[in-house]
Amino acid sequence: MRRLLLISASALAIMPATAQTIDGGGASEILNGVAEWLGQQKLDEKVIKVLPETDNYRVTLSLNEILKLFPKQGLLKGYFTKFDMLVRPMADGTWSVSSDQIPTAYIDPGGIVGNQKINLHTGDENWTGLFDPDLRMFRTISFDVDYLSIGHDDSNYFGRLRAKSAKGELSVRPVKSGGMDFDLLQTFGSLENLSIKKRQKGVGNSMGQKPASPESNPRTAVVAKTILRSGSARADVIGKNIRNREIFELLAFFSTHAVENSLKKTDQFEWGSKLKAALPFWDKLSFTGQYSDVVLETPFGNFATKSVFHRVASDGFSNNSQFDYDIRLQGLDYPTPAFSAESLAFLPTDIELAMEVGGIDLETLITKLATDVTWGDGENRPSHDWKSSPRFNISKGVAHINGAELTLTGEVIFAARAAQREAPKFDSTTTWEMSDFDGVLGRLTEASEREPQLNRIAAFARLAKALGKRLPNGGRQWIVSQRQDGSIVVNDRLAVQAAPIEPQPKLMDEGILVYPQMPR
Numbered sequence: 015m016r017r018l019l020l021i022s023a024s025a026l027a028i029m030p031a032t033a034q035t036i037d038g039g040g041a042s043e044i045l046n047g048v049a050e051w052l053g054q055q056k057l058d059e060k061v062i063k064v065l066p067e068t069d070n071y072r073v074t075l076s077l078n079e080i081l082k083l084f085p086k087q088g089l090l091k092g093y094f095t096k097f098d099m100l101v102r103p104m105a106d107g108t109w110s111v112s113s114d115q116i117p118t119a120y121i122d123p124g125g126i127v128g129n130q131k132i133n134l135h136t137g138d139e140n141w142t143g144l145f146d147p148d149l150r151m152f153r154t155i156s157f158d159v160d161y162l163s164i165g166h167d168d169s170n171y172f173g174r175l176r177a178k179s180a181k182g183e184l185s186v187r188p189v190k191s192g193g194m195d196f197d198l199l200q201t202f203g204s205l206e207n208l209s210i211k212k213r214q215k216g217v218g219n220s221m222g223q224k225p226a227s228p229e230s231n232p233r234t235a236v237v238a239k240t241i242l243r244s245g246s247a248r249a250d251v252i253g254k255n256i257r258n259r260e261i262f263e264l265l266a267f268f269s270t271h272a273v274e275n276s277l278k279k280t281d282q283f284e285w286g287s288k289l290k291a292a293l294p295f296w297d298k299l300s301f302t303g304q305y306s307d308v309v310l311e312t313p314f315g316n317f318a319t320k321s322v323f324h325r326v327a328s329d330g331f332s333n334n335s336q337f338d339y340d341i342r343l344q345g346l347d348y349p350t351p352a353f354s355a356e357s358l359a360f361l362p363t364d365i366e367l368a369m370e371v372g373g374i375d376l377e378t379l380i381t382k383l384a385t386d387v388t389w390g391d392g393e394n395r396p397s398h399d400w401k402s403s404p405r406f407n408i409s410k411g412v413a414h415i416n417g418a419e420l421t422l423t424g425e426v427i428f429a430a431r432a433a434q435r436e437a438p439k440f441d442s443t444t445t446w447e448m449s450d451f452d453g454v455l456g457r458l459t460e461a462s463e464r465e466p467q468l469n470r471i472a473a474f475a476r477l478a479k480a481l482g483k484r485l486p487n488g489g490r491q492w493i494v495s496q497r498q499d500g501s502i503v504v505n506d507r508l509a510v511q512a513a514p515i516e517p518q519p520k521l522m523d524e525g526i527l528v529y530p531q532m533p534r
């Protein structure tokens, strides 16, 4: 996605051009269009150079020089290599764009997120696309990258993501409402994610240098190191009715006013209007990932799984927003140094979980951001009291353990809050069922005699048997209800008493919280 965002930003630069002939006049029109998009009267050749070349324009773009066009803000800094694109106008007004380069980038977010460095490097890459100026987006993109590396370095962590044989296809379709639908497919030959928690003893890297690995830096003490590896992988991203025009209008406004400490009243109104016009940003946005032969290397040994599937979906920022999350892990394997042979027999080999979170009023939050927050005031954050009741639903939960199947379904409903500082309260009802529970308990009891560490688990399992309801298939069922007062009921039997009611603090006129004394 980072690559596609970079490609899209580059293509936006040529968006205003409409010339159909390859000549100096068409090149000038492209230059004027780029200047207008960047809010400039004229651009130097250091920023962009456009030259006719047979039946194409060769566009050479310098992101470094573009950054210099804006006032110094002490935040985002970076170094980007120049790159060329071949751009050819088509008869229908679209543009055929191709390149065998993706810029190498070294980025220092600076004051945005603290002292850290980010770098992007690719090898043997090429991409082609068809850009639609009316849609302000590519209709199609195809890319092939032999090698990709994204590094991150700060005072506490060092991370590096590497991918080999990355390929992708993007397809975009306009919809009647003025937005767009898109499908993005990416495949990878392999993935590797290195993560190191460190204790920095020296000064960080200077700008323009790759973050050095802590393993090769004597000034850095490695506290913990993990490596996540995957064989072949696939990622699918699907978007429905993306408000691309309104989103680009927001980006353009932010680009123009980002360095201002405050906005004029008319500009503040325009910002709020543009933000609200972009809602709900999209009707549907989902990401699905599939990975094979996944291994997590840790100081405790290697965790592994034959396959991983996960999906995240959102229906946009509305007054009843919903987010879905699914995950499946198959063929789990655990490190023997961390677990005894007796313990391994009672760890899950397969896990599946499907969850939905709904009833979240994000529309009101964004509206408050548009109307109540002063531009450039980092301390002025929108307050939001949840008048709705968000709900958390577990539609499916399955785990295979020691020849038995454990299932889980249920719902958690959060109560509306009268004030932002009020602690969240909820009611929940979950149903747990386990096949052959008595058989698993018998095997667990025998194992605990050989492995004392299993004694506590065996004791908990015996308590669960006493509270559980026997099913016709020989399994056990537990219907667990938890209420806002803290009480817990299992199969209509009170398991945990309600928590004592504590007096709530009173807010005095001076803004001081006064806690009344508890009765003795």
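Following the numbering used here, the numbering of the sequence shown begins with 15 at its first residue and continues without gaps.
Glycine residues also receive a C-beta, built at the ideal position from the N, C-alpha and C atoms.
Skipping 5 residues on each side, what residues in its chain have a beta carbon closer than 6 angstroms to that of residue i?
i: residue 244; result: 205, 305, 308
i: residue 224; result: Low confidence applies here, because residue 224 scores a pLDDT of 47, under 50, leaving its location unreliable; read the following figure in that light. Closer than 6 angstroms at Cβ, skipping near neighbours: 133.
i: residue 494; result: 444, 504
i: residue 341; result: 324, 367
i: residue 99; result: 73, 111, 113
i: residue 249; result: 200, 303
i: residue 118; result: 95, 135
i: residue 232; result: With a pLDDT of 47 at residue 232, under the threshold of 50, the modelled position of that residue is not reliable, and the figure given next carries that caveat. Excluding positions up to five away in sequence, the list is empty.
i: residue 139; result: 116, 159
If distances are taken between C-alpha atoms only, which option among the options comes closest to residue i?
i: residue 478; options: 452, 467, 93; result: 452
i: residue 168; options: 342, 64, 132; result: 132
i: residue 239; options: 155, 443, 188, 312; result: 312
i: residue 68; options: 241, 347, 81, 41; result: 41
i: residue 242; options: 277, 310, 267; result: 310
i: residue 12; options: 449, 447, 450, 471; result: Coverage of the chain is limited to positions 15 through 534, which leaves residue 12 absent and any answer about it impossible.
i: residue 171; options: 381, 416, 130; result: 130
i: residue 282; options: 301, 303, 385, 250; result: 385
i: residue 337; options: 407, 417, 276, 271; result: 407
i: residue 186; options: 79, 166, 155; result: 155
i: residue 487; options: 462, 475, 460, 418; result: 418
Rounded to a whole number of angstroms, what is the C-alpha to C-alpha distance between residue i and residue j?
i: residue 258; j: residue 201; result: 25 angstroms
i: residue 95; j: residue 74; result: 11 angstroms
i: residue 159; j: residue 184; result: 15 angstroms
i: residue 500; j: residue 414; result: 30 angstroms
i: residue 199; j: residue 177; result: 15 angstroms
i: residue 514; j: residue 464; result: 42 angstroms
i: residue 314; j: residue 350; result: 9 angstroms
i: residue 383; j: residue 180; result: 38 angstroms
i: residue 136; j: residue 322; result: 26 angstroms
i: residue 101; j: residue 260; result: 26 angstroms
i: residue 252; j: residue 301; result: 7 angstroms
i: residue 354; j: residue 416; result: 15 angstroms
i: residue 270; j: residue 82; result: 14 angstroms
i: residue 473; j: residue 247; result: 42 angstroms
If we call anything under 7 angstroms between Cβ atoms a contact, is residue i one with residue j?
i: residue 319; j: residue 345; result: yes
i: residue 330; j: residue 362; result: no
i: residue 365; j: residue 343; result: yes
i: residue 504; j: residue 485; result: no
i: residue 197; j: residue 189; result: no
i: residue 192; j: residue 255; result: no
i: residue 424; j: residue 445; result: yes
i: residue 427; j: residue 403; result: yes
i: residue 377; j: residue 332; result: yes
i: residue 150; j: residue 262; result: yes
Check the DSSP bridge columns for residue i and list the partner residues they point to.
i: residue 120; result: 93, 133
i: residue 271; result: None; residue 271 has no bridge partner.
i: residue 241; result: 208, 311
i: residue 342; result: 323, 366
i: residue 535; result: Lying outside 15 to 534, the shown extent of the chain, residue 535 is not represented and no answer is given.
i: residue 259; result: BP columns for residue 259 are empty, so no partner.
i: residue 483; result: 491
Leaving out five residues before and five after residue i in sequence, what residues of the same chain have Cβ atoms less than 8 angstroms from its Cβ?
i: residue 16; result: Low local confidence applies: a pLDDT of 42 at residue 16 is under 50, so the model's placement there is unreliable, with the coordinate-based value given in what follows. Result list for residue 16: 134, 164, in chain order.
i: residue 264; result: 288, 289, 292
i: residue 409; result: 368, 369, 370, 423
i: residue 490; result: 447, 448, 451, 452, 478, 479, 482, 483, 484
Once you ignore the five residues that flank residue i on each side, which residues in its own chain have a CB closer than 7 angstroms to its CB?
i: residue 348; result: 317, 358, 361
i: residue 104; result: 110
i: residue 64; result: 41, 44, 45, 71, 73
Would the beta-carbon of residue i be found less than 6 angstroms away from any heavy atom of the ligand MN?
i: residue 378; result: This structure lacks the ligand MN; in fact it carries no ligand of any kind.
Determine whether the Cβ of residue i lies closer than 7 angstroms to any Cβ atom of chain B.
i: residue 341; result: Among the protein chains of the structure shown there is no chain B, as only one such chain exists.
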